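A quick write-up on the structure given underneath.
Protein chains in written order, with the numbering used here: chain A, 1 to 593; chain D, 1001 to 1283.
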């Protein structure tokens, strides 16, 4: 019986090619028509330290990294020792029998030793260890060899001289497994027979970069920081081809100011960073709010304050994104929920920025950024780009850059436009942009800028893909959350529903402005709302409590904050357990009543 | 550089915003020199952008009928770099004071210089924080007694010209607000220089640190036989402490940042479609 939902973990020393094994193996699976979802943790060091690569492979869309480990692949003793405790009973172990000895009392049938080192030496190709292991994995778990060969050509074809050797190593591993193991592992994959499905395989950061290009971004200014750097690296290669430019700034403060300068001069611009960098950018984000310059800032969140845990995940920058900055600078906050969603949400972010001449923060995270996920083909024909409203200067004198309007949006002049000159003024200013500190002007301008957020809140009700709502409408138990915890929630809910629980869920993709009407309607009639998030204080739960206190008190809805702050994403089981616990609590209460 | 056929007068470019500077402030001289340079060069003000940081001199853009950006403290160089990056046809100025340039924003100066971004950076140096009413700045001399240094300063002052020379700036000059004609010429040369032009404009603060008399005494033009292509000679002049030389210390032509961007685009090619790029990710 094929399992067709397998969690596979590969552990070993950094620099051994663990990630290569994982990434090529999942691509072979995806190429064969299966769905994949990876999870990796790396040491902060480049070489040395233990690396873990985990992938879940299934025949239906995968929404989380899963709960237990079904298959452990270890290239050395440490890789075995470190992870064997997490292998589920009945799980399978593949190991390099020249460098590791299984020590756990295991059923021999579940152990597959491959003398990887010895085999590599036999063909005089020590660097081929990864491909020998991949070959064995392909054979044992039932993936087609021809697809594996095609993928090796695609992924490693650029090393032309080594390609024959790499293919030889792949076949060597494959043949070794088919000759030496007559027993098939109890867990294996069965790719669909029809030709490979349409779809894309990429990481969250790649989807963000591609979305930025699709959204018309032509200037990227950034400073390297884990786990955001590969957005810059991707765009450095592609943007020049469309007449764009990537500039590596001297620091994050320079990066955001460059992006603001470029946008002021009429080009869609962005930067990407992680929490420490966003902290540095806050003053300039206030400048963009004040001078009404569109700019998109991606924050790939990582765990911990200060330097924290650069290679671990968290959803801890929500407060920072929503509230940071001196005296109420209006901005927008967008949070994609999956790799595919990264593409669409950064387009939403650019549309919000341009339409409302306001900075936008996009909250991704370390789990979402580097993970490889299969996704549907992007619907480029459905991408609608909103432009910033430009000033009509023909024959008009006395252009007012910051004209007070009903929507809050004032038509913008771009340098080069005759008669449109003005100063983008960081001081409080009048409609022309001249410094002005009078009490009435200050409050009028604060209101004008704030009005853009309210206008956007109304307009957003007509936008696609800004709120995700699913589950049982009548359910007493609700789940609300944001960002990349949506996958584990979807999976936990499917399990809960299969077990007879009724649950409804809502995830806003745009967190500022919050979709108040949708949320108020959603909360009606609930008894409890579970809010899972990867931070200590339950930041989103506190936002919900504060913002919807009237509805929560009126309808006696309990907010149940489920927080996790270990640097790791949610496992579906953690959310499922919470659903059961809350259901139990509600039943007990009902019986007391 | 986009120019006009007609000739404007400096007053045509003066905006109707009245400078908030104290009467006698050196910044007036710098403003007038800039307006004169713009009109002398017949620059089309619609294609001129002036970015500034924070300080008395930060108010500068509002006084000129051109595009302006009054940014946050110390970030004028990245701001101006972004503007130039997005539209290389614009003539871009960065203006600010010694606090903005050499204290809070000092980290940006080496990078604007080494990138050789084609902008003109005018630093109005009054050796004091004027807007915050008289604290010592990175160019204040030793022993200066002010409210924040009641017993006299003891941190050595920076040498801006020597600093930017070592950063690899391709045009380095010093002018004096009391000599607007010479300053105008320096600004014009800076604008015409195809790269990063750094101009230190001595611009005394009459209210908190009146140095007019001192600079009249200590300034002297750079000798005519100085070779601006000689970086060592320029450095020697910069390190002279008894006199403050005025004029062009150094000038060299090196590929500008925009030139580098062009090279990258040539190497990358223009063969791009999002559909094709996405194909690389198809399974």
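Ideal placement from N, C-alpha and C gives every residue a C-beta, glycine not left out. Small disclaimer: the values here were computed from a predicted structure and weren't measured.
Within chain A, the residues that residue i reaches when beta carbons sit closer than 7 Å
i	result
residue 1081/D	258 and 261
residue 1271/D	241
residue 1017/D	434
residue 1214/D	None at all; the shortest Cβ gap to chain A is about 32 Å.
residue 1071/D	257, 287 and 426
residue 1167/D	Per Cβ cutoff of 7 Å: no residues; residue 1167/D is ~12 Å from chain A at best.
Per-residue burial, residue i [other beta carbons within 10 Å of its own, 16 or more giving buried]
i	result
residue 1221/D	exposed
residue 134/A	buried
residue 587/A	exposed
residue 536/A	exposed
Beta-carbon proximity list for residue i, same chain, < 6 Å, skipping 5 on both sides
i	result
residue 410/A	402 and 403
residue 1138/D	1102, 1103 and 1158
residue 467/A	508, 515 and 518
residue 293/A	260, 263 and 264
residue 456/A	356 and 513
residue 608/A	With chain A represented from 1 up to 593, any question about residue 608/A goes unanswered, as that position is not in the structure.
residue 1207/D	1022
residue 252/A	223, 273, 277, 280 and 281
residue 17/A	130
residue 449/A	330
residue 7/A	56, 66, 69 and 70
Chain D contact residues for residue i, given Cβ-Cβ distances below 8 Å
i	result
residue 199/A	1282 and 1283
residue 378/A	1278
Partner residues on chain A for residue i, Cβ-Cβ distance less than 9 Å
i	result
residue 1068/D	421, 422, 423, 424, 425 and 433
residue 1065/D	421
residue 1275/D	380
residue 1090/D	265, 415 and 416
Given residue i as reference, the closest of the options once Cα atoms are compared
i	options	result
residue 500/A	579/A, 207/A and 346/A	579/A
residue 510/A	50/A, 432/A and 334/A	334/A
residue 566/A	529/A, 534/A and 5/A	534/A
residue 478/A	526/A, 465/A, 390/A and 104/A	526/A
residue 1141/D	1126/D, 1131/D and 1223/D	1126/D
residue 184/A	381/A, 222/A, 444/A and 93/A	93/A
residue 1090/D	1008/D, 1044/D and 1019/D	1044/D
residue 1242/D	1250/D, 1231/D, 1219/D and 1253/D	1219/D
residue 1037/D	1253/D, 1183/D and 1269/D	1183/D
residue 1046/D	556/A, 498/A and 422/A	422/A
residue 1055/D	1069/D, 1267/D, 1098/D and 1093/D	1098/D
residue 65/A	5/A, 30/A and 104/A	5/A
residue 1075/D	1256/D, 1064/D, 1260/D and 1094/D	1094/D
residue 480/A	571/A, 420/A, 458/A and 545/A	545/A
Proximal residues to residue i (C-beta, below 7 Å), its chain only, five neighbours per side dropped
i	result
residue 490/A	63
residue 610/A	Here chain A comprises residues numbered 1 to 593, so residue 610/A is not present and cannot be evaluated.
residue 326/A	286
residue 61/A	35
residue 210/A	343
Cutoff 8 Å: residue i Cβ touching any chain C Cβ
i	result
residue 159/A	The question asks about chain C, but that chain is absent: this structure's protein chains are A and D.
Same chain, Cβ closer than 8 Å to residue i, neighbours up to 5 away in sequence not counted
i	result
residue 1163/D	1102 and 1109
residue 40/A	19, 22, 51, 52, 53, 54, 370 and 371
residue 1015/D	1062, 1063, 1064 and 1065
9 Å Cβ cut-off: residues of chain D touching residue i
i	result
residue 438/A	None at all; the shortest Cβ gap to chain D is about 15 Å.
residue 219/A	1082, 1085 and 1086
Neighbouring residues, chain A, relative to residue i (Cβ below 8 Å)
i	result
residue 1006/D	In chain order: nothing, as chain A lies at least about 13 Å away.
residue 1045/D	421
Residue i Cβ short of 7 Å to the ligand COA heavy atom set
i	result
residue 1100/D	What this structure holds is no ligand at all, so the ligand COA is not there to describe.
Chain-ordered chain D contacts of residue i [CB-CB under 7 Å]
i	result
residue 245/A	1085 and 1261
residue 374/A	1283
residue 251/A	1107
residue 8/A	What residue 8/A touches in chain D: nothing, since even the nearest Cβ is about 18 Å away.
Q: Just list the beta strand (DSSP E) runs in the stretch 101-178 of chain A, keeping only unbroken ones of 3 residues or longer that don't cross its boundaries, in chain order.
A: 111-114
(Q) So within the stretch 365-432 of chain A, which uninterrupted beta strand (DSSP E) runs reach at least 3 residues, ignoring any that extend past its ends? (A) 372-375 and 423-425
Q: Starting from the N-terminal side, write out each stretch of the beta strand (DSSP E) that is 3 residues or longer and does not extend beyond the stretch 1227-1281 of chain D.
A: 1244-1251
Q: For the stretch 456-487 of chain A, list the beta strand (DSSP E) runs that are entirely contained and at least 3 residues long, ordered along the chain.
A: 467-471 and 477-480
Q | Segments of 3+ residues assigned as beta strand (DSSP E) that fall wholly inside the stretch 1175-1206 of chain D | A | 1197-1202
Q) Mind pulling the alpha helix (DSSP H) runs of 4 or more residues that sit fully within the stretch 498-537 of chain A? A) 516-523
Q. Mind pulling the beta strand (DSSP E) runs of 3 or more residues that sit fully within the stretch 30-101 of chain A?
A. 35-41, 50-58, 69-74 and 87-96
**Q.** Runs of alpha helix (DSSP H) wholly within the stretch 1032-1099 of chain D (minimum 4 residues, chain order)
**A.** 1076-1086
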